[in-house]
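Novice: In my numbering, the protein residues as written are 138 to 949.
The beta carbon of each residue, even a glycine, is placed where N, CA and C say it ideally should be.
Remember, predicted model here, so these are calculated numbers, not experimental data.
For reference, the structure I am asking about is given below.
What follows is the structure, encoded as structure tokens:
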């Protein structure tokens, strides 16, 4: 099989350049040198590119492409890629060409036999070596010649015209009607092209009538809302009051004897005995922290599941810049891979939709700040972009490369110098002096290395970016292959609110970014659409398969702007008359008509996913059509959410009122186990620090708010250290929830079947009642007809003078 793109027909000579809309040639010969030069000149845009390995091994000089309009071999052209097949098809084509030439000569000789000897001799003198070109052209319009036109005209002239009744009652022949049928002159002689069409079944979907008028009836009613009343009894214990009095007499106290000498001696002896101990205790109080939490340094065995004795979350750092992040929203946070002290955060304008619409089309400058724990005031670097950056992701293998998705739909890439991030990424430190000079006058600025073409990018804000695993190679039209020898992360996948999934080649951008004519565009794109309406599907985030690179597939998971969950396949293929269906399954159980603010996969249970909407969050198991857990409504809107990277049963949710909710499913699942107030404004982003290998390292959570503050929270041990059997506890919890969902679905199916059966039975009973009523109506009609007949019979007998009784008592 060999696929030729329709845009390459003219370049490959399959259609004439002056007639690009004509039918492609049935076959064409190419030389091996031409094909190899085209691959080197055009690259991926050449249709020979994916067959370059076979071209290098081709032993003959010429190549042959044969058109396959019915796609018997899978594509629009077929290529015999073996010498034996090439020679066989070449011989067949030569035979057919010779047959066409012979038929032409025979027709020329037979057609001019009666036109004279000179013309016959001219026909015989046709050069046998003449090059004959046969074109498939449309037939020119000609006047219609009918063999029966005269006969039809005579029949029409002899037709008998029906007469009309005259004044004297005779028949008067009417005149013939004359009808003129015409059309515009521009419709005459138009070029027409007709092709054979396959048999298709077109479905006509029902359309809503816009002229439908709903009839309403006005009613005069009075409605009053009153509270309901109920009668209840309460009983409380009651004690009988008792009169009592007490009196103090001062004379008794004054009459008592004072301390005796013996008692004073005993007191002096006691003070002398305990003075040393009291002095030692006071000295210890001065040298030891008496307010220290004694339970903070207990072992792991003392930490119970869901224990709260040491649940003290502390804010250890707070980053804020008055120039770049003041009053701005922190949209995305990402920690530098391999580092526990450097974090990047994107700052975007905190504006409403109307304010953004007013500034649409105007240029602005956005920044991504890189903070280091060694400097609380000045950012480590400022990454400059031409549009607000909504998502940022570091390259896990090359940390000095940062990818960002913008509100304009573009992808931007920065290359950060190794001196700014502590030597991460393996780059040399050749710009150390330059950076120090920059710091003497201000903060070092890093401009974007390259940005994608706005015409080839997303049409809406980028909402998700994922790195493709190492070893995956993409070919043309989204095909994938695994190559173990391939090193490094080369591809990235993005998704946006316009429903497009784009695959980008990172190496291509890094190799050609300095060329002025280079345009960074995706190598493959997919448009996700709703199957019922055909409209584009707004997506909020993206998840790729969690598996070995050798088993990586085109399967992906995404969430929509209406709270739904999507199971998709970007490698889907369409049929001849239908487009590919990239959306394989759309789960509407969590549909809330509001955007999904977070979509994450559990780091301990890859088949379990978390989706967060405004009012609730959901836990999903891959393969199920309903969530296995649905939370209660929150007192405030959720803004984001993440799984804990150290405990399987803990997740963190950020709210719009600045409160961080911590859900510990090992403790309780009906409400959050702990709430912590981080700030007084909305929390906009959460990101966990990459797990450190040091046993005494603090687990830190980065929290961004809508005022531009980046909070670094240190988590206590009971939120970071697993209990002895927590993995098994959570596995059993998810298994119980799976069983509950399956039972509820089975019960719901049974109830629906029962409802359908009751509805059918009700309809059958109604039909029987209708049949009985019809029979009763028929009996009444027969009785009425019989009564009418008797009355008519009696009237008839009276008119004839007949008696109702037979004479002489005989029978009538």
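#1: Excluding five sequence neighbours on each side, which residues of the same chain lie with their C-beta closer than 6 angstroms to the C-beta of residue 330?
#2: My assumption, with CB atoms under 8 angstroms, is that residue 679 sits in contact with residue 693. Please give the rounded CB distance.
#3: Look at the alpha carbon of residue 503 and the alpha carbon of residue 151, and state the distance between them as a whole number of angstroms.
#4: If you measure between the beta carbons of residue 467 and residue 795, is that distance less than 9 angstroms?
#5: Are the beta-carbon atoms of residue 520 and residue 506 separated by less than 9 angstroms?
#6: Looking only at DSSP bridge pairs, what is residue 214 linked to?
#7: Could you tell me whether the Cβ atoms of residue 779 and residue 851 are closer together than 9 angstroms?
#8: Taking the alpha-carbon of residue 751 as reference, which of 811, 722 and 820 has the nearest alpha-carbon?
#9: Leaving out five residues before and five after residue 479 in sequence, what residues of the same chain have Cβ atoms less than 6 angstroms from its Cβ?
#10: Can you tell me which of 210, 226 and 207 puts its alpha carbon nearest to the alpha carbon of residue 165?
#11: Report, in whole angstroms, the separation of the C-beta atoms of residue 704 and residue 728, which I expect to be a contact under 8 angstroms.
#12: What residue range does the beta strand (DSSP E) around residue 490 cover?
#13: With three or more C-beta pairs closer than 8 angstroms as the rule, is the region 541–559 touching the region 578–587?
#14: Excluding sequence positions up to five away, which residues of its chain have a Cβ less than 6 angstroms from the Cβ of residue 384?
#15: Considering only the alpha carbon of each residue, which of 746, 885, 612 and 356 lies closest to residue 681?
#16: Please specify which runs of the beta strand (DSSP E), each continuous and at least 3 residues long, are wholly inside the region 677–706, giving them in chain order.
#17: Does the beta-carbon distance from residue 683 to residue 743 come in below 9 angstroms?
#18: Grouping DSSP H, G and I as helix and E and B as strand, with all else coil, what is residue 933?
#19: Provide the residue span of the beta strand (DSSP E) that contains residue 824, from first to last.
#20: Do residue 658 and residue 739 come within 9 angstroms of each other at the CB atom, strictly closer than that value?
#21: Between which two residues does the alpha helix (DSSP H) containing residue 750 stretch?
#22: Taking the straight line between their C-alpha atoms, what separation do you get for residue 185 and residue 140?
#23: Pick out whichever of 766, 323, 501 and 670 has its Cα sitting closest to the Cα of residue 344.
#24: For residue 516, count neighbouring Cβ atoms within 10 angstroms of its own Cβ and tell me buried if that reaches 16, exposed if not.
#25: Please report the residue range of the beta strand (DSSP E) in which residue 637 lies.
#26: Exposed or buried, what is residue 813 when buried is set at 16 or more other beta-carbons lying within 10 Å of its beta-carbon?
#27: How many angstroms separate the CA atom of residue 622 from the CA atom of residue 611?
#28: Run the CB neighbour count on residue 413, radius 10 Å, all protein chains shown included, and call it buried at 16 or more, exposed below.
#29: Roughly how many angstroms separate the alpha carbons of residue 541 and residue 789, rounded to a whole number?
#30: For residue 538, name the three-state secondary structure that DSSP assigns.
#31: Which two residues bound the contiguous alpha helix (DSSP H) that contains residue 554?
#32: Provide the residue span of the beta strand (DSSP E) that contains residue 190, from first to last.
#33: Excluding sequence positions up to five away, which residues of its chain have a Cβ less than 6 angstroms from the Cβ of residue 833?
#34: With residue 411 as the anchor, note down where its alpha helix (DSSP H) starts and where it stops.
#35: Apart from the five residues just before and just after residue 793, which ones in its own chain have a Cβ nearer than 6 angstroms to its Cβ?
#36: For the alpha helix (DSSP H) holding residue 169, just list the boundary residues, first then last.
Specialist: Reading off the structure:
#1: Position 193 of the chain shown, counted from the start, is the residue given in the question as residue 330. Result list for residue 330: 275, in chain order.
#2: Sequence index remark: in the chain shown, residue 679 carries index 542 (1-based). Sequence index remark: in the chain shown, residue 693 carries index 556 (1-based). That belief holds up - the Cβ atoms of residue 679 and residue 693 are roughly 6 angstroms apart, short of 8 angstroms.
#3: Taking the first residue of the chain shown as 1, we reach residue 503 at position 366. Taking the first residue of the chain shown as 1, we reach residue 151 at position 14. Cα-Cα distance, rounded: 49 angstroms.
#4: For the purposes of this step, residue 467 is taken as the residue at position 330 of the chain shown. For the purposes of this step, residue 795 is taken as the residue at position 658 of the chain shown. Result no, Cβ atoms of residue 467 and residue 795 do not sit closer than 9 angstroms.
#5: Mapped onto the chain shown, residue 520 falls at position 383. Mapped onto the chain shown, residue 506 falls at position 369. Yes, the pair counts as a contact, with Cβ atoms nearer than the cut-off.
#6: As a first step, residue 214 must be located in the chain shown, where it is residue number 77. For residue 214, which the question treats as bridged, DSSP gives the partners 139 and 204.
#7: As a working mapping, residue 779 is identified with position 642 in the chain shown. As a working mapping, residue 851 is identified with position 714 in the chain shown. No, they are not a contact pair.
#8: Here the question's residue 751 lines up with position 614 in the chain shown. When only C-alpha atoms are compared, the closest one is 820.
#9: What you label residue 479 is simply residue 342 of the chain shown in a count that begins at 1. Excluding residues within five positions, the ones whose Cβ falls inside 6 angstroms are 473, 509 and 558.
#10: For the purposes of this step, residue 165 is taken as the residue at position 28 of the chain shown. Answer by Cα proximity: 226.
#11: Translated into the one-based positions of the chain shown, residue 704 becomes position 567. Translated into the one-based positions of the chain shown, residue 728 becomes position 591. Not a contact, Cβ separation roughly 15 angstroms.
#12: Residue 490 sits at position 353 when you count from the first residue of the chain shown. Premise fails: residue 490 lies in the alpha helix (DSSP H), 490–495, not in any beta strand (DSSP E).
#13: yes
#14: Translated into the one-based positions of the chain shown, residue 384 becomes position 247. Excluding positions up to five away in sequence, the list is empty.
#15: The sequence position of residue 681 within the chain shown is 544, counting from 1. When only C-alpha atoms are compared, the closest one is 746.
#16: 692–697 and 702–706
#17: Reading the chain shown from its first residue, position 546 is the one you call residue 683. Reading the chain shown from its first residue, position 606 is the one you call residue 743. Yes.
#18: Here residue 933 refers to the residue found at position 796 when the chain shown is read from its first residue. In the structure shown, residue 933 sits in a helix (DSSP, three-state: H, G or I).
#19: Here residue 824 refers to the residue found at position 687 of the chain shown. Element bounds for residue 824: 820–825.
#20: Your numbering for residue 739 matches position 602 in the chain shown. Your numbering for residue 658 matches position 521 in the chain shown. Cβ atoms of residue 739 and residue 658: not closer than 9 angstroms.
#21: Your numbering for residue 750 matches position 613 in the chain shown. It is not in any alpha helix (DSSP H) - residue 750 carries neither H nor E in the DSSP assignment.
#22: Taking the chain shown and counting its residues from 1, one reaches residue 185 at position 48. Taking the chain shown and counting its residues from 1, one reaches residue 140 at position 3. Their backbone Cα atoms lie some 9 angstroms apart in a straight line.
#23: What you label residue 344 is simply residue 207 of the chain shown in a count that begins at 1. Nearest of 766, 323, 501 and 670 to residue 344, Cα basis: 670.
#24: Within the chain shown, residue 516 is the residue found at index 379, counting from 1. Buried, since its Cβ has 16 or more Cβ neighbours within 10 Å.
#25: Counted from its first residue, the chain shown places residue 637 at position 500. 637–642 is the extent of the beta strand (DSSP E) around residue 637.
#26: As a working note, residue 813 is residue 676 in the chain shown. Looking at its Cβ environment, which holds 16 or more other Cβ atoms inside 10 Å, residue 813 is buried.
#27: Translated into the one-based positions of the chain shown, residue 622 becomes position 485. Translated into the one-based positions of the chain shown, residue 611 becomes position 474. Roughly 14 angstroms between the two C-alpha positions.
#28: The count along the chain shown starts at 1 and reaches residue 413 at position 276. Residue 413 is exposed by the Cβ-count criterion.
#29: On the chain shown, residue 541 is found 404 positions in, with the first residue counted as 1. On the chain shown, residue 789 is found 652 positions in, with the first residue counted as 1. Approximately 24 angstroms between the Cα atoms of the pair.
#30: Here residue 538 corresponds to residue number 401 of the chain shown, with the count starting at 1. It is a strand residue.
#31: The residue you call residue 554 lines up with position 417 of the chain shown. It is not in any alpha helix (DSSP H) - residue 554 carries neither H nor E in the DSSP assignment.
#32: Translated into the one-based positions of the chain shown, residue 190 becomes position 53. First-last for residue 190: 189–194, but that is the alpha helix (DSSP H), not the beta strand (DSSP E).
#33: Numbered from 1 along the chain shown, position 696 holds the residue referred to as residue 833. In this prediction, residue 833 has a pLDDT of 49, which is less than 50 and means its spatial position is unreliable; nothing more can be read from the coordinates.
#34: Position 274 of the chain shown, counting from 1, holds the residue named residue 411. Counting along the chain, the alpha helix (DSSP H) containing residue 411 begins and ends at 398–424.
#35: For this step, residue 793 is matched to residue 656 along the chain shown. So the qualifying residues of the chain are 773, 774, 776 and 819.
#36: If you number the chain shown from 1, residue 169 lands on position 32. Residues 169–179.
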